[in-house]
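Before any comments, here is the structure.
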Amino acid sequence: MGPDVPLLNDHKQEFLLKRFPQTVLGGPRFKLGHCAPPYVYVNQIILFLIPWVLGGVGTLLYHLSILQDCGTAAVSGGLMLVAAFTIQAANLYSRHKTASVERVHTHSTLTDEDEWEFSSCLGSETVKFIIPGKKYIINIIFHSLVAGVLCGLGTWYLLPSRIASLYGGNIGGTVMIFVFGWVTVCIGEYSLIVNTASETATYQALDTYEIVPLMRPFYIFVFIAVDLAHRFVADTPALKLANQILHIVFLCLPFLWTLGILPPLDALFLWGMEQVLELGLGGSPMSSNIRMLVMFLISVGTAVASYFMPSSLGMVLFMTGFGFVLSLNLKETVINCLASNKFKNVSAGCRTQFGWRELIFYLAVLTFALLEASLLHSFLGSQAFSKTSLQAIMSYVLIVLLLATWILGEIQTVYLFGMFRNPFYPKDVMTVNVFVKKRKRLKKIGVFRRILLTVVSPFAMIAFLSLDNSLHHLPSIYISIGFSRGFRMVWQDTECALLDMVVVSTVQLLVFNTDLWWNRSIDTGIRLLLVGIIRNRLFQFVSKLQFALTVLLTSWTEKKQRRKSTGTLITLNIVFFPALLALILLSAFLSSPLLPLFSLPIFLIGFPRPIRSWPGPVGVTACICPDTIYYQQMVPSLTTALQSALSVGSLGLCSPGSHYLCRFQDRLVWILVLERGFTYCCLNIKGLELQETSCHTAEAHRVDEIFEMAFEHEECSQTLSLNHHCGNILTPCDVLPVKLYSDARNVLSGIIDSPENRRQLKDDFLKIILWLLVQYCYKKSKTHRTLEIKPRLKQDLPPVKPPEALSKAMESPNSWKDDDGFSVESTDEWTDDSNLFDVEPSKKAPKVREMASRGSTPRPFFSVPGSVEIHTTEAELPEATNVNKLYKAVVLGLPAVDTGKQQGVMDLPPIKFSNSYSELLSIPEEWRTLPLPLAKLHEMKQWFPEDWYHFGLRQLDFFHLKENPSGLLEDLIKDTALKDSYAQCVLSCYAAVFGLEDILPSPTHIFRAYNGGLPWSVCLDWLIGKQELFQLALKGFRYTVKLLVDKASLGPVENFKELLNCLEEYENDWYIGVVSEEKWQQAVLQEKPYLFSLGHDPNMGVYTGRVLTFQEFLVQVGKLNSEAVRGQWANLSWELLYATNDDEERYSIQAHPILLRNLTIQAADPPLGYPVYSCEPLHVPLL
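Here my numbering is used: the first residue of the sequence shown is 24, the next is one more, and so on.
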């Protein structure tokens, strides 16, 4: 599809044009899809202006000196409260009035909307259209109270005399603020009590508890709160300046609401907690809202408690201990130490090593940290900072540690700085063994780096903090906040804490003798806090700037992204580049995503939201499909590999919000880092669809190119070769050895359609089903280890009851099939349009009926329409006649059947074995009936592989028997009765699969039989009635097909021994079946070494063989630009939740090889994205 595909289709454009004015004005619907009477618009205008009118009454009374400012606010608020209750009562009355007789709305097919029929100015339909009402009574009361308070405080906030005094009597400014300020208040009131506007800043797909109406009033209250603080607090210049600025910003609130910069309340509080926890308290974003709330409360409590410590030593010990404990994954550690030695994550089936060993290590580290902090603070902490002081020496140590860890981390990745090929990285990464061997040296360096980061650096930083003399200046809330954060950051995020301390110590060394605010007014803890905020926002700014430039440049350089408006947009961005930089800077300051509207170079600031981007619990939803099982299998092994890579630093700086992309064959794995702490991190792993669309294929191909250039291309052998894809949002990092399935598909043309192969197929089936039968009976004999076999005379043999045997065979023909595989089981499958002679065969496998137990009533059989059903009673038939006593049908088009006998199934006389031990290997009695004519059986006996039968028996051992005669095997071989019973069963299965005629099976027949879709026959009905035997026959046929493919590709089987080895390998190491079967998924989860299935490609008209091989493969991993992902997800949320642009061919979902736009959208959480697999948070230890 070309680049000029419409951003919105015609219907969505009209819908957006109607919704947007409603968003701007806070809810009034002035643009409808049909004509409405004028009073509909007039009523909405009156309701919109009610707060201004009621506030104007209070303002007038104040300026007439009738009321004071407080009384003015009370009067206006009381009047608004009455108005709010009146408005809600009108809606309740209208709903009650029309509850018994509901008017049916007229549906317009042109506008695809409901058209309302308005009867009068105050009619029920008019009221319900203008005032939709609340879902809950409690919200009617609460929202009305909030509306009254808002109007009262708004009147107080916008008193002209107050505004004039604030701006020195400027009449023009006072009038502007008064007029447009009341417009802002009216917008907030209308959205609260009349009709809630659709917000561009939408976080939740559904507003279950009606929180959205409170969003605009909340921000109005924030501005009023500053004004109230200015009124009642002592005159503070900073507070007055803030109040003056906010009065002007107050006029811009409708603009901010429309652009969606201000977040919804749920997103605001989650984002606020996350920012305070991370930047102010030294913690980490959490993997769930509950964890974040609990950690936030504990962290705030810790900072507050440190303020009340009576001594500096106690405060240092308290902050050191709690900083370490809060940085641990404490819940999982304690629970799993109490429960077991190892923690098993149920959702992903992976084991993480949280046990007693880790707990002992943590206790040892905590003990040494407390000891170090107490000793240094007590004996050396009172020294002032100087260039020769111990704290200055520790500053130099920290600088060395930062350089060492940074350099050792960089040489672990394939590219230095993301641009130049690392000369130390292995150049041959094609095979696992070679790569692992060459990477041993780098791994040793990585282990040394991990020791520096885990042990050496934290203790060095604790020494630096403990030696600071500002800790003796107690009590101070600034010291408590700053140092609580510092002592925690040492463990929570060691790399960033090390960088912050190096910056602070370097500045302190450089400006030591200068009387600057930095040294004079703030202590080390606050310096670390400020540097940490600047560092966090600076990293975000760089990532956002890179993302913006990528969108801007690729909109022209990528021909498929070049639209007619591209040149104009690029020109505007260049002309207003300073404004663009300011926009990016503000976005970084707010830690909100940079939103490219419709993925075009039109940049907006998305509303701030948590780092996870999505509101729901992590890993709860996914678009489950058959491909999900492959991701579920590989996650445990991938987690183990990620554990090693994150430990040595080969994946770069791993911080919460980092995104990684893994690639192997057709699998794409998306990894999001949710939280990070001391020796652990929490991950969310998603799997993207395997059935690739055109857009998916284009981007996946570019991902393959990027990884091939980094790991496999010839240029990678050159020293410091340039990364040709450095502008892409994906930067290759490393390859990981992971145990998973490789998927190989081969076309079987010339194999399955070869006449010679098909002839050999029939012979091999006889041998394989015979071997399976012998193995089945042999395994059953092992369950009778204490059985004592005694010779039994003829009169001791239990009589076989023909009625039971034949009735079992007669209860199964309810799944009759014609030659093309059509079912005649139910009349529901027959219609007037049905074509009985359609060339396309039915894909349904024979339906297996449960065998009716003796004495129970068989399920009714519905015959083919047009057939004649004969109902007889039991008294009408002789007792000795074995027939189906309930239903018989003369089916048109099928062979005539003698109603006095079961169809072709005869009972055989009891078998007399010549050897008493033959009973152990005998065929089960219910399988000894014969669906073949005796003459045909004798004719087919020549096909029975007697030599193979003898060879198979000689491979058995009977050590499990108490008595094991030396000539037992020879006696079994000479027992002709045993051989005949196997021959009858094997040949009956053969006839059910291939028919009675000696013709070659067609490829279509082979494919259908492999999938269980055999053509109807008497033998098939007999076989289906014996489910264990049917499954053995199906298994034998699938083994035969697999043997056919192996012989064609690997060469013929030379002797019986080689054939036996093949069958034993199939039995032990292979699962041979159909992909859609549940057993296939079980085999994948059980990590069966090999899986095989036979398929058919209808597009090419060929048959294919699919082989899955389980072994260790190299999975390529790259790091994504996290701000590019957040920006595209923010646009996706805006498009789908506000613009409702769910067109599958929309522009913003088309392939973009640089931004990986289609893959990024897939990786979003449902319902906006569609990953086929998403695991719950995985807590991965890095110790």
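Positions of the beta carbon are idealized from the N, C-alpha and C atoms, including for glycine.
From a predicted model like this one, the values you see are computed outputs, not experimental measurements.
Taking the alpha-carbon positions, what's the residue i to residue j distance?
i	j	result
Leu784	Lys709	43 Å
Cys677	Gly700	11 Å
Tyr801	Leu943	7 Å
Ile1095	Asn1034	11 Å
Ile110	Gly303	44 Å
Leu340	Ala396	7 Å
Pro1075	Pro1112	23 Å
Val65	Pro51	11 Å
Leu1066	Lys790	12 Å
Glu1088	Arg768	21 Å
Phe255	Phe278	30 Å
Gln1173	Gly1150	16 Å
Gly629	Leu617	6 Å
Lys466	Phe458	12 Å
Phe1115	Leu960	34 Å
Look up residue i in the DSSP assignment and say whether it is helix, strand or coil.
i	result
His973	helix
Asp786	helix
Val862	Summary for Val862: the model assigns pLDDT 36, below 50, so the residue's position carries little reliability; its value from the coordinates is reported in the next sentence. Note: Val862 maps to coil in three-state DSSP.
Glu212	helix
Phe936	coil
Phe408	coil
Pro836	Model confidence at Pro836 stands at a pLDDT of 37, short of 50, so the residue's coordinates are unreliable and nothing is read from them.
Tyr1170	helix
Trp1093	strand
Asp757	strand
Leu627	strand
Arg768	strand
Val1130	strand
Cys1008	helix
Val525	helix
Arg585	coil
Assuming residue i and residue j make a contact with CB atoms under 8 Å, what is their CB distance in whole Å?
i	j	result
Trp280	Arg239	6 Å
Gly509	Gly548	5 Å
Ile321	Leu349	7 Å
Asp546	Ser493	4 Å
Glu1146	Gln563	6 Å
Leu627	Leu282	6 Å
Phe447	Ile434	5 Å
Leu300	His400	That belief does not hold up - the Cβ atoms of Leu300 and His400 are roughly 26 Å apart, past 8 Å.
Ala415	Leu532	7 Å
Phe487	Leu431	Not confirmed; about 21 Å, so no contact.
Ser717	Val696	The Cβ separation is near 31 Å, so there is no contact.
Can you check DSSP and say which residues form a bridge with residue i?
i	result
Tyr799	DSSP lists no partner for Tyr799.
Asn1034	For Asn1034, which the question treats as bridged, DSSP gives no partner whatsoever.
Asn707	Leu695
Glu1135	Lys762
Ile996	None, per the DSSP bridge assignment.
Asp1120	Val1125
Measuring CB to CB, does residue i end up less than 7 Å from residue j?
i	j	result
Leu608	Gly1141	no
Gly404	Ser489	yes
Pro954	Trp1045	yes
Val452	Glu1135	no
Pro286	Pro631	yes
Ser1197	Ala723	no
Thr207	Leu276	yes
Phe936	Ala1032	no
Val554	Val513	no
Leu1043	Ala1015	yes
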